[in-house]
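Mapped onto the working numbering, the consecutive letters of the sequence shown carry residue numbers 5 to 97.
Yeah, the Cβ is synthetic: ideal placement off N, Cα and C, and Gly gets one too.
Please read all numbers here as calculations on a predicted model, not as lab measurements.
Below is one structure, written out as structure tokens; comments come after it.
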Amino acid sequence: MEITEVRIFPVDEQNLRAYVRIVIDDCIEIRDLRIIRGPKEHFVDMPYRIGRDRQRLQIVLMTSTDARNMLEERVLAEYEKITGESLTRRKLS
Numbered sequence: 005m006e007i008t009e010v011r012i013f014p015v016d017e018q019n020l021r022a023y024v025r026i027v028i029d030d031c032i033e034i035r036d037l038r039i040i041r042g043p044k045e046h047f048v049d050m051p052y053r054i055g056r057d058r059q060r061l062q063i064v065l066m067t068s069t070d071a072r073n074m075l076e077e078r079v080l081a082e083y084e085k086i087t088g089e090s091l092t093r094r095k096l097s
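Next up, the structure:
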């Protein structure tokens with residue numbers, strides 16, 4: 005899996021830092037990722053919808069920690085590049 009494009013749309017709404025669109029292998033586009041400022045670090049929140057029981061239902065799931073870390077590193081690095089803001093990253097193990 006290769007992330008071939010990352011588009012960042014900065015916002016400043018409480019803990020929401022940006023919306024993100026990525027393209028994987030030049031053929032799969034995923035929209036509505038979000039960069040979130042958590043209590044100790046920043047992370048990428050995957051797209052979700054709210055179900056009938058008001059639960060968050062993930063639309064896109066990362067099935068491996070390595071893939072999740074790679075995605076977060078790439079997205080957060082692109083955010084830092086376009087905003088000049090340095091982010092504290094989380095590391096999943």
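Check, Outcome
"What residues are listed by DSSP as bridge partners for Leu20?", "Glu17, Ile40"
"With burial defined as no fewer than 16 other Cβ atoms inside 10 Å of the residue's Cβ, what is the status of Ile86: buried or exposed?", "exposed"
"What separation, rounded to the nearest whole angstrom, lies between the Cα atoms of Arg58 and Glu33?", "26 Å"
"Alpha carbon to alpha carbon, how far is Gly55 from Val64?", "15 Å"
"Looking only at DSSP bridge pairs, what is Glu9 linked to?", "Val27"
"Taking Cβ to Cβ, would you say Val79 is nearer than 8 Å to Val15?", "no"
"For Val79, which three-state DSSP category applies?", "helix"
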